[in-house]
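Colleague: Before we start, here is the structure in question, set down as structure tokens.
As structure tokens, then:
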């Protein structure tokens, strides 16, 4: 949980930094989205070790092209490490030593499926995303997609807080409790149920807030223009 | 001249509910006037705000809401800024309503600029909203509502999330808006923080919004009582918390606070005060052992804090605590931690009922916690974290969003546990105007430092 939260924090922070940074060459958002989806899809399709190694290399180039922060890669690597550990353990328990290589492959696939999306989101703001998705999605769907991604960090923070407080209440939901079937009801009642309730409440609040600001008034929304220090230049005039 | 807003005998019940949430509400608001609507939690203030914005579902309703003209626009800012900020940058955020109205992109920067200036935010459009303080975020929200040029601006519980500096900034903005002729309606538990700005105030009487009357400014009861802080001699000398040279935060080079050193004794009442984002909750989390300090030493009950060591000895209540509720009956919710300790059903039920009695909510024992009011849920959660008689009780902003009645109930329970069980009660607040006399230690977080006093 803390790792996920760290990653979200670094994603938000580097997003903020990237918006303040000078704007040199950037991959156009539409192409960037297609690249990200293609790379993520390839991670699921490819199964051979060589294929996955090649894909990791392509992801590395994609990472550089997006000028993503090293912090993101470092946090992602930590998640990959722990995820691999859990998956290898599960595969070992189920298939013995024969399961280790497939376990590692699944972990690599999962990592490479999520990494392009994280790199893409780090360098793309909501209006850019909405502008692109508006071309093939309705305004409502494009907004829902953008808002879902935007509020993901908030939801992860909520899950983390609920997890922490339930652990302190004595709930048996520590990572090591995953392997104890008699603890599984606690995962459902103490974590999944409150998190679902909270997710629904948050979704309701967000939808209400959007409606208050006239979301849904026009069938075709317009979009905030890309501005370069517009505020300052106008004031100088 | 007709008032801008004239509510006549308005009543509303949510779909499926038999009881009215608002009942026979009568009030008037004129242009250029700042009015305040107070009342207990669940009295229907937010419902009325939604009714004025025409955002209520088709429940049962009676009476009329009249505006001086059909073109009157209503702007509404809800309580939690975090769920209302949709964009990454200031420009996008403020332009959100304009995008929805189909305003041409070429016209947007000018309108957004004017709106930002009207709330005193001289920021570049590309400034990330995430880098703002809570007060600045709230002003961004105001700007994003002001682009719709509302004649009536409604703010739901604006003081709940803002610290003193955020409130001071908001007061300046509201005074300016009122001066320009905008009518402002505040739905607020703590109207005194806007004293001098409010022209008229309506206060709910009774359990329902049965009547409103125009009142003078009344003082909101502070969480205080004749109880004074413990004398040195009356306290157990046992040290329960020791912090030495600790720093905390996410990044080593940018700590929230650093070099903090203090010690707390058993039974002390400790208030942690600081502005939004100063690191109050982080300090509580450090004491739980859920996160580690960047440097320095923290000792809780004689050891470095860890989940295993503190289990059963330390309890923690979140801000907005009803998030942690999950059981079907209040008594089951309260007794959950006792169940995990292996205590028999009869004993845990007896202890839970006793705690519910002390919290003043024994009558709710068989009810579903999910169907209670905000204040009742708050007390149920408090009961569920104190039932194990923890040696240390950590409460993150325990009075947020509570009306006077529930604030006093929470306060009384905190005092009881500190006096009778000798629990060290540590709680946070971002309101620096409230330091009850019963506080033994005041930890103030300011400028990246923690100062201990009292």
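Chains as they are written, first to last, in the working numbering: chain A, 1 to 237; chain W, 1001 to 1454. C-beta: ideal position from N, C-alpha, C; glycine also.
1) For residue 1055/W and chain A, any beta-carbon pair shorter than 8 Å?
2) When Cβ atoms are compared, which residues of the stretch 1083 to 1108 of chain W fall closer than 8 Å to chain A?
3) By how many angstroms is the C-alpha of residue 46/A removed from the C-alpha of residue 1373/W?
4) Find the residues of chain A that neighbour residue 1324/W, judging by a C-beta separation of less than 7 Å, and give them in chain order.
5) Would you say residue 169/A and residue 1336/W are within 8 Å of each other, going by their C-beta atoms?
6) I want to see whether chain A comes within less than 8 Å of residue 1080/W, judged by CB atoms only; does it?
7) Give me the Cα-Cα distance between residue 32/A and residue 120/A, rounded to the nearest whole angstrom.
8) Starting from residue 238/A, find everything on chain W with Cβ-Cβ shorter than 7 Å and list it in chain order.
9) Let me know the beta strand (DSSP E) ranges lying completely inside the stretch 133 to 193 of chain A, each 3 residues or longer, listed in chain order.
10) Using Cβ-Cβ distances below 8 Å, what residues of the stretch 1302 to 1318 of chain W are close to chain A?
11) Among 1087/W, 1358/W, 1435/W, 1108/W, which has the Cα closest to the Cα of residue 1148/W?
12) Which residue's Cα is closest to the Cα of residue 218/A: 1055/W, 1097/W, 1311/W, 1424/W?
13) Just to check my reading of the structure: residue 1153/W and residue 1182/W have Cβ atoms closer than 8 Å, yes? What is that Cβ distance to the nearest angstrom?
14) At 7 Å on the CB atoms, spell out the chain W contacts of residue 202/A, in chain order.
15) Starting from residue 1407/W, follow the alpha helix (DSSP H) in both directions and report where the run begins and ends.
16) Relative to chain A, which residues along the stretch 1340 to 1357 of chain W have a C-beta separation below 8 Å, given in chain order?
17) Going along chain W in order, which residues have a C-beta closer than 8 Å to the C-beta of residue 225/A?
18) Identify whether residue 1207/W lies in helix, strand or coil by the three-state DSSP scheme.
19) How many angstroms separate the CA atom of residue 1265/W from the CA atom of residue 1417/W?
20) Report yes or no: is there a C-beta of chain A within less than 8 Å of the C-beta of residue 1148/W?
21) Can you find the residues in the same chain that come closer than 8 Å, C-beta to C-beta, to residue 1050/W, ignoring five residues on each side of it along the sequence?
22) Quick one: list the residues of chain C neighbouring residue 198/A, beta-carbon separation under 7 Å, in chain order.
23) Please list, in chain order, the chain W residues whose beta carbon lies closer than 9 Å to that of residue 134/A.
24) Since residue 1361/W and residue 1380/W should fall inside the 8 Å C-beta cutoff, what is the C-beta to C-beta distance between them, to a whole number of angstroms?
25) Would you say residue 139/A and residue 220/A are within 8 Å of each other, going by their C-beta atoms?
26) Could you pull the start and end residues of the beta strand (DSSP E) that residue 108/A belongs to?
27) By alpha-carbon positions, which one of 97/A, 150/A, 199/A ends up nearest to residue 118/A?
28) With burial defined as no fewer than 16 other Cβ atoms inside 10 Å of the residue's Cβ, what is the status of residue 1317/W: buried or exposed?
29) With distances taken from CA atoms, which of 1185/W, 1435/W, 1394/W, 1005/W is nearest residue 1241/W?
30) Please list the terminal residues of the continuous beta strand (DSSP E) segment that includes residue 1075/W.
31) Tell me where the beta strand (DSSP E) around residue 1295/W begins and ends.
32) Write down the C-beta distance between residue 66/A and residue 30/A rounded to the nearest angstrom, noting that I regard them as a contact closer than 8 Å.
Modeller: In short, the structure shows the following:
1) yes
2) 1083, 1084, 1086, 1087, 1088, 1089, 1091, 1092, 1095, 1096, 1097, 1098, 1099, 1100, 1101, 1102, 1103, 1104, 1105, 1106, 1108
3) 53 Å
4) 162, 165, 166, 194
5) yes
6) yes
7) 7 Å
8) Only positions 1 to 237 of chain A appear in this structure, which leaves residue 238/A out of reach.
9) none
10) 1307, 1310, 1311, 1312, 1314, 1315, 1316, 1317, 1318
11) 1108/W
12) 1097/W
13) 6 Å
14) 1083
15) 1404 to 1416
16) 1340, 1341
17) 1105, 1106, 1108, 1109
18) Only weak support is given to the placement of residue 1207/W: the predicted model assigns it a pLDDT of 44, under 50, and the value that follows is read from those uncertain coordinates. Of the three classes helix, strand and coil, the one that applies to residue 1207/W here is coil, per DSSP.
19) 14 Å
20) yes
21) 1056, 1076
22) Going by chain labels, chain C is absent from the structure shown, which instead holds the protein chains A and W.
23) Within 9 Å Cβ-Cβ: nothing; residue 134/A doesn't reach chain W, min ~10 Å.
24) 7 Å
25) yes
26) No beta strand (DSSP E) contains residue 108/A, which is instead part of the alpha helix (DSSP H) from 100 to 122.
27) 150/A
28) buried
29) 1394/W
30) 1074 to 1077
31) 1295 to 1300
32) 14 Å between Cβ atoms; not a contact.
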